[in-house]
Structures are given as C-alpha cells and as structure tokens.
Amino acid sequence: MFTKPVSFAVLSTIVVMTLLSVVGTALAASGTFRDDDGNIHESNIEAIAAEGITRGCNPPTNDLYCPNGSVTRGQMAAFMRRAFSLPSSSTDYFVDDNGSVFEGDINAVAEAGITKGCNPPDNDRFCPDGKVTRGQMAAFLKRMFDYPSSNTDYFTDDDGSIFEGDINSIAEAGVTKGCNPPTNDLYCPSGLVKRDQMASFLSRALGLDPVEPTVPILARGSGTGDDVVSMNLPNVPVIVEFSHNGSSNFAVISRDKSLGWIDLLVNEIGNYTGTRPMQFAANEPVAALEITADGAWTYKIWRLSDEPEQSCRVDGKGESVIRLSDFRNSSGTATLTHNGSSNFAIWAWAGSSRDLLVNEIGAYIGTVVVSAGSTAWDITANGDWSIDC
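The sequence shown begins at 1 in this note's numbering and counts up by one.
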C-alpha cells in the first residue's frame, strides 16, 4: 500500500513492485466467472481477477463478470485504484459522488492525478454514472502510466478528437490494437468501453500474462505401461485428454461395467497428446479404460458442457474435441482445412446423433454442409486444421 500521493513518473515502477508482491490466487474450477466462457477477452479477465483488480459484478456472490456491460466512470476509478493499491484520500474532490459506492475510489484516483473531472474548466464533478468512451479510456490510461507522446498517427477515425494524442500514446505502448480487426486502422473513440475490453486494456497496460481458465475435472490419472483403470463417471458426455510418452503403440479402449467393449478412443504410435469424446452416445457410463502403452501416460476427464464454446474461425492441431456455437440454431456451411499426412475426419454431434463431415487422407481443403444443432465436433487429424464458417 502507498502512504502518499503518487506522481505520474513513478507509476510504472509502482506497477512492477505491486505485481511482484502479489501472491498468485488459484482460480475456481471453471474459471473465476460463469458468464465469460469463450469470450476472446476471458484470459485477460482471469488475469486481472487473479491480481484482485476485479471482483465481479454481482456482489456478494461475484460469480459473474458481466463482460458485455459498459464501464462507468465510477467503476473505472475502482479498477484503477485496485490496480495500483492507491491509498485513501481525505479530500472530497467532487460534488456529485456523495453516497456513491465508488466515492473512495474516485477521490483516490483524483489525488493521484489520474482524473481531472468531467466538467472543464470547473471540474468539480466526476459523473460517476457516466459511461466511459474509448477516447476517455485512452486519456485515463495515458495519465495512469505516464505514457510519452507519439509522433505516429495510428488510426484514421480520431482526427480532431481531443483524445487523439492519448490514443496514439497508448497505441504506441501496445495497449490498444484498434477496433476493426484484422485491419485495425480504426479506434472508435466514441464507442463505449465494455467490461471485457476493459480487462484487456488493463492487462496489457500492466504487462500481465494471460491466465487461461480451467474446467472442473471429473477424473484424472497417470501410469506407465499397460493397465486397466476403473472409474465412476456421471452418465453425461465427457471429454478425455490423453498424453503418452513412448515409442510404440498407444491404444485406449473404453469399457462398460461388465468390461464389454464400448469404443476405441486412441490408437497411435509413439508420443501422443489429444482430446477424445466419450459417452456421447453410450447408454451407460464408461466404467473402465483399458490402456496399452510402452511409456508414461496421463488422462483427465471433464464434462462436455464445461468445455468453453468457440465460434468460427477455429484453428487447432491433432485430435481434438471442441464446442462450436455457430450452428446451434441453424444449418450452414463450413470450410475445413488440414495439412497432415494421415487421416482427417470430423464428426459433428447434435445431441446423441452425429454426421460425418469429412473423411480423407492427407492434406485437405473443402466446404461442407453442417446440420443445425451440431455443437460438438470430434476431430481426427495428425496435422494443423482449421474450421471457418
């Protein structure tokens, strides 16, 4: 914690010292929040949550982040104060934040010189309920981190904006990438900042490493050589991740409670890492895995419903199971590619039924029809693959 107001010149040093003093916090089983699965900003949301910069949006439970919600100026003050552990201020800087839950945060960032108010030249108001625009966000961040001015004009849509200098400064610092990927020649200075975007702004500015959320694990295990592993799973579709470190055959067969054959999940030579579907169409849960291996192996199992949904385009490598949202309610087409030398096959599952979209050997590119409801995709591949909708 700080004991006196901070100047802009020392903020970057403070960031480093603050982050080095933070003890890492283990994430909840499915990530910190329930409503950001599959969001492109999720790893940055997790990063600022791990640092205590965000606490969620639904106290006291705080299991939601509200990623699509707009950031208010009061919330912005809270984000910034937590990011720097700014001390409390005894000065009441503004006349319009009395009774606001963010008043303490607002006075703290005002004392640090990060905000100047919202009604120049008087600036006796903060407008705590006002929505933060991307231009205002740039100004907050430039003051917060004391970024130098830039001679480069990064975007074409901010000419004449009072925030243009701030925008170019944070662009040069790598804090913003623009608002129209992949071109990113626009900044959208009048656009409102969403809470998920805020997480990425802050995470990049603070130099935080993205934190990938985990999923609840139903079962896991490891061993060496041949074995039969018993398990007690709920009767729901699950995903199994296998790894093998060996030079010979690695095969995994799922078996029922009578040790009857259900499915051949893996049959490869040498080292292997991949995810496979299990119990997608079985009438009873898998009771055992029969493993053939000449080296060390691991497995872990989680519910299909806990796998974050993705949307096209999706890129991957090797055998994988993914969830896609693009065809949940309607049919469509998907362009598939593969650059490997062996079998490339994709089964698209809709509930307990499935369609074979492609089954080829070697490199492949083609467009196929995908049925409505095809949300779970089982991909067999030995190279890089892509799905573009």
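Heads up, the beta-carbon is just placed ideally off N, CA and C, and yes, glycines get one too.
What number of angstroms, rounded off, separates the C-alpha of Asp306 from the C-alpha of Asn68?
Roughly 21 Å separates the two Cα atoms.
What residue range does the beta strand (DSSP E) around Val109 cover?
Val109 -> not in any beta strand (DSSP E); alpha helix (DSSP H) instead, spanning 103 to 111.
Let me know if Leu265 comes out buried or exposed under the rule of 16 or more other beta-carbons within 10 Å of its beta-carbon.
Looking at its Cβ environment, which holds 16 or more other Cβ atoms inside 10 Å, Leu265 is buried.
Going by other Cβ atoms of all chains shown within 10 Å of its Cβ, with 16 needed for buried, is Arg323 buried or exposed?
Per the 10 Å Cβ criterion, buried.
To the nearest angstrom, how far is the alpha carbon of Gly373 from that of Arg255?
Spanning the two alpha carbons is a distance of roughly 28 Å.
Within its chain, find whatever has a CB closer than 6 Å to the CB of Cys458; leave out the 5 residues flanking it on each side and keep chain order.
The shown model of the chain, from 1 to 389, leaves out residue 458, and the question about it has no answer.
Whole angstroms is fine: what's the gap from Asp166's alpha carbon to Asn151's?
Near 11 Å, if we compare the C-alpha coordinates of Asn151 and Asp166.
In the DSSP assignment, what are the bridge partners of Thr335?
Thr335 pairs with Thr367, Asp388.
Measuring alpha carbon to alpha carbon, tell me which of Thr337, Gly383, Leu356 ends up nearest Ala376.
Ranking the options by Cα distance to Ala376, first place goes to Leu356.
Tell me which same chain residues have a C-beta within less than 6 Å of the C-beta of Ile253, skipping the five on either side of it?
Once the five neighbours on either side are set aside, the close Cβ partners of Ile253 are Leu264, Glu290.
Tell me whether the beta-carbon of Val132 lies closer than 8 Å to the beta-carbon of Arg73.
It is a contact, given that the beta carbons lie within the stated cut-off.
Going by DSSP in three states, Ile379 sits in which element: helix, strand or coil?
Strand.
When the distance is taken between beta carbons, is Leu206 closer than 8 Å to Ile170?
Contact flag unset, no.
Taking 7 Å as the limit between beta carbons, can you name the residues of its chain near Ser88, skipping five residues before and five after?
So the qualifying residues of the chain are Gly104, Ala108.
Could you have a look at Arg328 and say whether DSSP puts it in helix, strand or coil?
The answer is coil: DSSP assigns Arg328 none of H, G, I, E or B.
Hey, how far is the Cα of Pro210 from the Cα of Val370?
So the alpha carbons of these two residues sit roughly 33 Å apart.
Considering only residues of the same chain and omitting the five flanking positions on each side of Ala47, which have a CB-CB separation below 7 Å?
Answer for Ala47: Ser203, Leu208, Asp209, Pro210, Val211, listed in chain order.
Does Ser311 get closer than 8 Å to chain B when you measure Cβ to Cβ?
No chain B appears in this structure, which consists of one protein chain only.
Across which residues does DSSP place Ile239 in a beta bridge pair?
For Ile239, which the question treats as bridged, DSSP gives the partners Pro277, Trp302.
How would you write the range of the alpha helix (DSSP H) that Glu46 sits in, first residue to last?
Per DSSP, Glu46 belongs to the alpha helix (DSSP H) from 42 to 50.
In the DSSP output, what is Phe344 paired with across the bridge?
Bridge partners of Phe344: Glu360.
Looking at the unbroken beta strand (DSSP E) that takes in Arg255, where does it start and where does it end?
Per DSSP, Arg255 belongs to the beta strand (DSSP E) from 249 to 255.
If you run the structure through DSSP and keep just helix, strand and coil, what is Asn245?
Looking at Asn245 - three-state DSSP - the assignment turns out to be strand.
Between the Cα of Trp297 and those of Asn44, Ser247, Asn283, Asn62, spot the shortest distance and give me the residue it belongs to.
For Trp297, the nearest C-alpha among the options comes from Ser247.
Mind checking who Glu307 pairs with in its DSSP beta bridge?
Glu307 is not bridged to any residue.
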